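For reference, each letter of the first sequence is one residue, going 0 to 883 in numbering that gives the first Met the number 0.
Note that beta-carbon positions come from the ideal geometry of N, C-alpha and C, so glycine has one too.
Since the model is a prediction, treat every value here as computed from it, not as a measurement.
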Amino acid sequence: MTTSDSTTSDATLRDGRVRAERYNPGAIEPRWQARWAELRMYDTDLEDDSRPRFYVLTMYPYPSGALHIGHWYVKTPTDAIARYRRMHGDNVFFPIGFDAYGLPAENAAIKNGINPREWTMANLEKMRGQLRSMGASFAWDSEVVTCEPEFYVWNQWLFLQFLQAGLAYRAVSPVDWCPNDGTLAREQVEGTDRRCWRCGAKVEKRELAQWYFRTTNYADELLDFTGIDWPEPIRRMQTNWIGRSSGAEIVFETAPSAHHAGGQELRVFTTRPDTLYGATFMVLAPEHPLVKELTAPDRKADVEAYVRATEEKTEVDRLSTDREKTGVPIGADAINPINGARIPIFVADYVLGSYGTGAIMAVPAHDERDFAFATKYGLPIVRVIMPRDGDPDEVLTEAFVHKAADEAPADDRTHGFLEDIALINKGTDAARELVMVNSGPWDGKPAIEAWGGIVEALEARGKGRNAVTYRLRDWLVSRQRYWGTPIPVIHCPTDGPVPVPESDLPVLLPDEVDYRGSGENPLNRDEAFLNVTCPQCGGPAKRETDTLDTFIDSSWYWFRYLSPHKADGPVDTEMVRMWSPVDQYTGGAEHAVMHLLYSRFFTKAMRDLGLVTESEPFRKLFNQGQILGADGERMSKSRGNVQDPDELVARYGADAVRLFLMFMGPWDQGGPWSPTGIGGVAKFLNRVWAIATDPNGTESGDGAVAVTGDNERPVRDALRAAAHRTLRDVTEDYESFRWNTMIAKLMELSNTLFRYRGTDAVELPEWDEAVSLLLLMLAPAAPHITEELWARRLEARGEPWESIHVQRWPDYDERAVVEQTREIPIQVNGKLRDKVTVPTGISEIELEQMAMARDKVAAAIGDAEVARVIHAGGGRLVNIVLRR
RNA sequence: GCCGAGGUGGCGGAACCGGCAGACGCGGCGGUCUUAAACACCGCUGGGGGCGACCCCGUUCGGGUUCAAAUCCCGACCUCGGCACCA
């Protein structure tokens, strides 16, 4: 391949010299992109068993219309990882695809009357081109597009398997409902004021029959991150989201009264069974199923009014923590199973229907919320735990909250509460100093003993047991939307919901849509889609019109990359076995409790269905930061602060944009977008170009002297030292994705080489080696310019072309990096006074003498007495300490 | 309120283990080249003082440990992200 034709922009200067060819990314980049595609250089032979496999994955984009700079920010450094691994000889798989189902397509359809499929496909085609303009080494032959039947049929198939395995079920329950977007998963409701994650509208509650996936089955396993290397904040967020609390379920019974026979069981969950004697009332959530039944006739009006008021109350009001507690008595009592005490029952909205059993035993002495409620309504407060030397009659002014588990080692805590009985034995002495009071036989005993002892006592009588509760809910997967995977279910008037037989899959999503300008699911009006016969009885039935949450697609798409067109199953189990888990995943932290948790759930569920062998999807995860708009706000079309990468690419080239994004700062940090500074990396690339194409150029630095016989050796050593030290340090930076310092070091090397430009040094083999190393080190980050310069080097030597991207990553030479001399800072009393340059092997005594002999050092010491001299860090620094 | 990340020049950031604070780049100032501008190239650029060799101050703030602290400890303050009556 000839390389020196199209980029030439030679100009003859007035003095007759020919100006060297300038770096012209606009000419180079598309040419190499086409060449790589033509050679299918990045398609992966998945069967290749001869090399180590490395699966690099970046979160697939939603085809929203156009790439923005944020896509570049995550994808181009990920490409550098892929290219770097390839240079280590790995068989790298770096696929790409599109998360093609989702709301924006429908919103566009409603607004502009465009068919969602056409809209999506047009965007997708445009974005394919943009993705290619990155010069990323994607394995395009493995592309997955989730709105294609060959993909979503397996969503349906998996749904049926889940159904059969009891991992999917249908239930009527209050769901989060967005007026624009319909049903939302709990994770898709954001903020205290509960807004839709997509459109920002206020989310309401609605009672609907919906499909769920049983994520809670895996709650405990999802808490276990063994074997995966994920950022601590993500693990924390998931752990908190799952919210495991260990405690006890205790059975209260209603007391007989004028209107009620009593004996009705009321179960509560508590993390503090040790406080059972201090329970002075009970609270039911307004949604609690027994509220109606237990309410006394004379309390009915009040209770109903309260329950209705709760329903009407906005979620903002209900959930704000600092709101005053409210509630009403229902006119019934309960019996405390431990001591037979009769305590009143209230309904109050500070108890949530959706957590635990929807009912609590209230222990005002030891719970802040219960304390506030009891104080407000004048209910008794009975202290049951106090310090060993405390006064049992002391009046509490606030709840005495002391979680025994706080005394246990932090590692053993789950959510700050007692993990299990075994933990009690780990309680420290401080915990043992908290003793029971007002608790019958337990008085005087340490609270941490009562914790388990009381549960045991209850258990013996069938009134309680150890129990674990999670904040995690099952995953609501139904969406009242058109543009998604149809749920493969048929509703029959006689047989109820009936799964579509596997042989009838896929249930194709009809392409013709009639929106009539409303947001209502058009499937509800599609008679051909709707009317079917029941697979069981053959009678007329209706198809389910809800579609699956698009997060289902992203919960297993990376498995599908390994066999995107496989027609007889969702995954190729053998390929998955070879390639799983993904070695390196990159994407945004905003998916912490959604995609990244769902993916773990799916992997475990698919494992239990025998489809995959691994339990975790992604071995290593890196969360890059987010690029904000110049205004510091999230980039969005509506704010008008979106940066279009195409403009930058047109002006500076893809390599410069890639480098600039990497150079901005630490990758996990992100930050507001500002194009100031992109000129700096462009200048760097220009210099690299000048160094490689025109070493004799004159517009160079003047730091280096001409090479003569006298100084040839030091120049050679200096060139080698610069190149090999850079290689040593840059390799480390690549390994830990520290792009900004990696590029800074390459800039330093190029600055060094630039200073030698135009001198005889460029005739030395060490110069050639340094230039070669510079290109190799830069290749993963700036693939086009390095490929071009590499090709020219080969051409100049008459060697056949071979891509720089298949070269081996070089090893640095230990001998080259050894320092002959070293500059040692000399401190007096910790203040820098001078520096001395000494041979590296110098003894401490000699160094000390040299240091003392320096004028500045002597002046700083004056006539004070030297107390001692510190030689720090293996001769890195000398500190002379004076006697005071 | 709870959990997490962070606070270093005019700006983005570097300093990984306590050991020369400010690498690298942007911006700014001065200069070379040019009719001019752009490009390119060279020099200076944390603050203050001094003619000067140099000196003092300086990593959000206040304490502490240490020969030595941006780095470790204690206590504040501020910014960002997540969760939010979870019994």
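Less than 8 Å divides the Cβ of ALA364 from the Cβ of VAL381.
Bounds of any alpha helix (DSSP H) do not take in PHE345; it lies within the beta strand (DSSP E) bounded by 341-347. If you check the CB distance, PRO779 and MET58 do not come in under 8 Å. The DSSP-derived three-state label of ALA331 is strand. Boundaries of the alpha helix (DSSP H) harbouring GLY678: 677-692, taken from the DSSP string. With contacts defined as CB atoms closer than 8 Å, ASP98 and SER553 qualify as a contacting pair.
Remark: C-beta atoms of GLN129 and ALA65 approach each other more closely than 8 Å. Judged by DSSP in its simplified three-state form, THR396 adopts coil rather than helix or strand. THR468: member of the beta strand (DSSP E) spanning 463-468, first to last residue. It is roughly 30 Å from the alpha-carbon of GLU526 to the alpha-carbon of TRP474.
For MET577, the three-state secondary structure derived from DSSP is helix. ASN216 and ASP607 have their C-alpha atoms spaced approximately 12 Å apart. Nearest Cα to TRP153 within the set MET360, ARG559, GLN535: ARG559.
Listed in chain order, the non-local C-beta contacts of PRO809 below 7 Å within the same chain comprise LEU726, LEU772, LEU775, local neighbours out to five positions each way being set aside. With a 10 Å radius around the Cβ and a threshold of 16 neighbouring Cβ atoms, GLN187 comes out buried. Classified as exposed, TRP800 has fewer than 16 neighbouring CB atoms from the shown chains inside 10 Å of its CB.
Taken atom to atom, the span from the alpha-carbon of PRO285 to that of THR374 is near 21 Å. Shown here for ILE626: same chain residues with a beta carbon closer than 6 Å to its own, the five before and five after excluded, namely ILE68, GLY69, TYR72, GLY669, TRP672 in chain order. Within the DSSP secondary-structure output, HIS259 pairs in a beta bridge with SER256.
Assignment of GLY451 by DSSP, reduced to helix, strand and coil, places it in the helix class. Rounded to whole angstroms, the Cβ separation of ILE551 and VAL476 is 6 Å, and the two are in contact under 8 Å. Counting along the chain, TYR481 sits inside no beta strand (DSSP E), nor does DSSP assign it H or E at all.
Looking only at PRO500, THR238, MET577, GLY277, the smallest Cα-Cα distance to TRP441 is reached by GLY277. With contacts defined as CB atoms closer than 8 Å, TYR151 and PHE92 fail to qualify as a contacting pair. Under the three-state reduction of DSSP output, ALA170 falls in the strand class. According to the DSSP assignment, LEU207 belongs to no alpha helix (DSSP H) but to the beta strand (DSSP E) extending over 203-212. Residue state for TYR54 is assigned as strand, using DSSP reduced to three classes. TRP176 places its beta carbon less than 8 Å from that of VAL202.
With a contact defined as Cβ atoms closer than 8 Å, VAL346 and VAL302 qualify at about 6 Å.
Taking the CA atoms as reference points, ASP390 sits about 54 Å from PHE601. Straight-line measurement puts the Cα of PRO178 at about 25 Å from the Cα of CYS146. Here ASP392 has no same chain residue with a Cβ atom under 8 Å from its own Cβ, once five neighbours each way along the sequence are excluded. With a beta-carbon spacing of about 7 Å, LEU718 and ALA760 fall inside the 8 Å limit used to define contacts. Segment contact: the stretch 611-623 against the stretch 581-594, three or more CB-CB distances shorter than 8 Å; contact assigned. Here ALA721 is near ALA769, since their CB atoms are less than 8 Å apart. Beta-bridge partners assigned by DSSP to TRP474: PHE212.
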